[in-house]
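Take a look at the structure set out below.
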Amino acid sequence: MDKKMRHIKRKRYDGVLFILPSLVGVSIFLTVPFLDVIRRSFTDVIGENFVGLQNYRTVFQTSAFQLASSNTLKFVLVCIPLLLVLSLMIALILTESFGNKSRLKHAYLIPMAIPVASIVLFWRVMFAKQGLLNGILAQFGVPGKDWMNDSTAFVILVGSYIWKNLGYHIVLWTAGLTAIPKSLYEAAAVDGASWWKKFRYITLPNLRAVLCTISVLAFLNSFKVFREAYLVAGDYPDESMYLLQHLFNNWFRELSLDKLSAAAVVVSVIIFLGIQLLEKFWDQEEKSR
Amino acid sequence: MKKVWLWLLLCVLAAVVCIPMYFLIDGSLMGKGEVTEYLAPVMQNKNGFASFRLLPMYPTLRSYVELLLDSPEFFVMFWNSVKLTLLILAGQLVTGVPAAWGFARLRIPGKRMLFQLYVILMLMPFQVTMLSNYLTLDRLRLLDTHAAIILPAVFSTFPVFLMYRFFENIPESILESARVDGAGSWTIFRKIGVPLGSSGIVSAMVLGFLEYWNLIEQPLVFLKDKSLWPLSLYLPNIGLEEAGMAFVASVVTLIPSLLVFFAGGEYLEQGIAASAVKE
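Here is the structure:
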């Protein structure tokens, strides 16, 4: 009996050894340091004296923070819907007309494989004051401008982000679309439903769970746009594309650890809320089958 | 008929998406003189506008030869990239695969909470954790070494999450019958989990390769010594005056990514889908 009990007990937590190496590393390199940042957000720059919410107040009053967060918000609001709609349209055409095995999809994924760094060269040649784009425009007698040092920089940033992530989202949508039972469409076709009716009453409702998941994921991933923004324009880009990520980097360089910690906590809270939403949708997806 | 038009539309769009890649390959096959001639307005502030040709007028491999034979610093950076990427992926295999299996199929106290922590950490952008990472690496005296890039990346939680999704889909009945036969949890993991979840493991590696071959932020913050830099950080620092060189360096950087992409396209697709949509 005793032996059997011990056996059951040992079996109960048989996974601990499997996750232990990962857990130790994650704790050392991610979790513990992050807790330290939360602590620092309530202390002065040396990290010793407790200052309450002072750092948060300073951060919210900094004009650079206001500019950066409104730009980031603008970026997310413009870019994510555009990206989602465009990729859904392409995914729809691909799956409806050509099946989900189409090779064409891979062409849209290629930008993922292109190192951001090497594409910067193309951007510079394309959008410089005497670049290709202005050259083409000049042939039609349209006056060009310095695209990167103007509010159009924001448009270029949005465009690059969509270019880079289009394929990724096409694949996500395709996975969602192929999961919808074919029989539903066949039944609708028998009833003579139009394309729009089928889209409105079959595709959309069945995509709902996937739609929520993809939107939240797209939002969370959009914080990674910094890589493009940095390479295209450096540390101090045009005001229109000065994002939170630039601000973080500049504070880091100035060693304003107090402000940086507080801002990091603010961003984490927003992301944490996003994740709660995401988990809710994942649970719904689970239940809906 | 409508189908043909749609197909054409998608093809045109796909071609547009691929223009930048074509531009790089095109430019890399031109000689230095030709590149300079076309891009002089951008490179040297000459009058007029930059132009380009769909095909090089005088195709040559001279730029490649020059880069591969006469620039030792390029080789250093190339090997830095190879070393960083391979060691990170190896580390993820060793620690991540068992962890994903543990989370997906085994009993662990507080599993739900721990896994949620992994999901949160996976979605935090680098800028949020940059400071904490920096302080830890400083305390461990790892700054300005390759370990400063490798170790935090090895413990990235995204591959664990991705492989978890694949391991989750293995039918319980297979594991149950193995258990009845008396197989221990390690044997089950090695003989059943790893082979049946192999597409998930490959997916994680393909996505990981594209990510780590492309590292920008981490080396920028953690490596001051330029001789430790990976290729991805060297490229943007080639001035426009050396455009010919930049073209070739870009293409050489692009090639490993493309190889992985074409060899693992199917897995890439599966991995992307699994990261968001439950099967």
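Residue numbers (the working numbering), protein chains in the order written: chain S, 1 to 289; chain W, 1001 to 1279.
Note that the Cβ used here is the ideal one computed from N, Cα and C, for glycine as well.
Item	Value
Can you list the residues of chain S that W:Met1130 reaches, using a CB-CB cut of under 9 Å?	Phe248, Asn249, Phe252, Leu260 and Ala264
How close, in whole Å, do the beta carbons of W:Leu1210 and S:Met112 come, if the pair is a contact with beta carbons under 8 Å?	6 Å
I'd like to know whether the C-beta of W:Ile1170 is nearer than 8 Å to at least one C-beta of chain S.	no
Taking only three categories from DSSP, how would you classify S:Phe50?	strand
Note down, in chain order, every chain W residue with its Cβ under 8 Å from the Cβ of S:Tyr161.	None at all; the shortest Cβ gap to chain W is about 13 Å.
Quick check on W:Thr1145: does DSSP put it in helix, strand or coil?	coil
In three-state terms, what does DSSP make of W:Thr1129?	helix
Closer than 8 Å by beta-carbon distance: list the chain W residues that pair up with S:Ser97, in chain order.	Lys1003, Leu1006 and Trp1007
Could you please tell me which residues of the region 1256-1276 of chain W, in chain order, have their CB closer than 7 Å to any CB of chain S?	Ser1257, Leu1258, Phe1261, Gly1265, Leu1268, Glu1269, Ile1272, Ala1273 and Ala1276
I want to know whether the region 172-182 of chain S touches the region 132-144 of chain S - three or more CB-CB distances under 8 Å.	no
Would you mind giving the Cβ-Cβ distance between S:Phe29 and W:Gly1102, rounded to the nearest angstrom? I have them listed as a contact below 8 Å.	That pair is no contact at about 19 Å.
Select from W:Ser1156, W:Tyr1058 and W:Pro1041 the residue whose C-alpha is nearest the C-alpha of W:Ser1051.	W:Pro1041
In chain W, which residues lie with their C-beta within 7 Å of the C-beta of S:Met112?	Leu1210
Is the Cβ of W:Ala1099 closer than 8 Å to any Cβ of chain S?	yes
Going by the beta-carbon positions, is the gap between W:Val1277 and S:Val210 smaller than 8 Å?	yes
If you follow the alpha helix (DSSP H) that S:Ile119 is in, where does it begin and where does it stop?	Val116 to Phe127
Along the region 123-153 of chain S, where does the CB come closer than 7 Å to a CB of chain W? Name the residues.	Arg124, Val125, Ala128, Gln130, Gly131, Leu132, Asn134, Gly135 and Ala138
Once DSSP output is grouped into helix, strand and coil, what is the label at S:Thr152?	helix
Keeping to the same chain, check which residues put their C-beta closer than 6 Å to that of S:Gly47; ignore five residues upstream and five downstream.	Arg40
Would the beta-carbon of W:Val1248 fall within 8 Å of that of W:Ser1028?	yes
Counting only Cβ pairs nearer than 8 Å, list the residues of chain W close to S:Pro237.	Under the 8 Å cutoff, chain W gives no residues; its nearest Cβ is about 14 Å from S:Pro237.
Can you have a look at W:Arg1165 and say buried or exposed, based on whether 16 or more other CB atoms are within 10 angstroms of its CB?	buried
Between which residues of its own chain and S:Val225 is the CB-CB distance below 6 Å, once the five residues before and five after are set aside?	Tyr161
Please report how far the alpha carbon of W:Ala1204 lies from the alpha carbon of W:Val1252, in whole angstroms.	24 Å
Assuming S:Phe65 and S:Ala263 are in contact, meaning their beta carbons sit under 8 Å apart, how far apart are those beta carbons, in whole angstroms?	7 Å
For a test of the three-state rule: what should DSSP assign to W:Thr1157, helix, strand or coil?	coil
Examine the Cβ distances between the region 1138-1146 of chain W and the region 1064-1076 of chain W and report whether three or more of them are shorter than 8 Å.	no
Hey, is W:Glu1241's beta-carbon within less than 8 Å of any beta-carbon in chain S?	no
By the three-class DSSP mapping on this structure, what secondary structure does W:Ala1274 have?	helix
Using the beta-carbon count (16 or more within 10 Å), is W:Arg1105 buried or exposed?	buried
If you measure from the beta carbon of S:Asp283 to each beta carbon in chain W, is any gap under 8 Å?	no
Thinking just about the alpha-carbon of each residue, which of W:Glu1066, W:Lys1003, W:Thr1157 and W:Lys1191 is nearest to the one in W:Ile1088?	W:Thr1157
Rounded to a whole number of angstroms, what is the C-alpha to C-alpha distance between W:Leu1215 and S:Pro115?	9 Å
Quick check on this structure: which residue in W:Ala1148, W:Met1113 and W:Trp1005 has the alpha carbon closest to the alpha carbon of W:Pro1219?	W:Ala1148
Run through DSSP, which three-state label would S:Thr213 get?	helix
Pull up the distance between the alpha-carbon of W:Glu1241 and that of W:Gly1265, whole angstroms please.	36 Å
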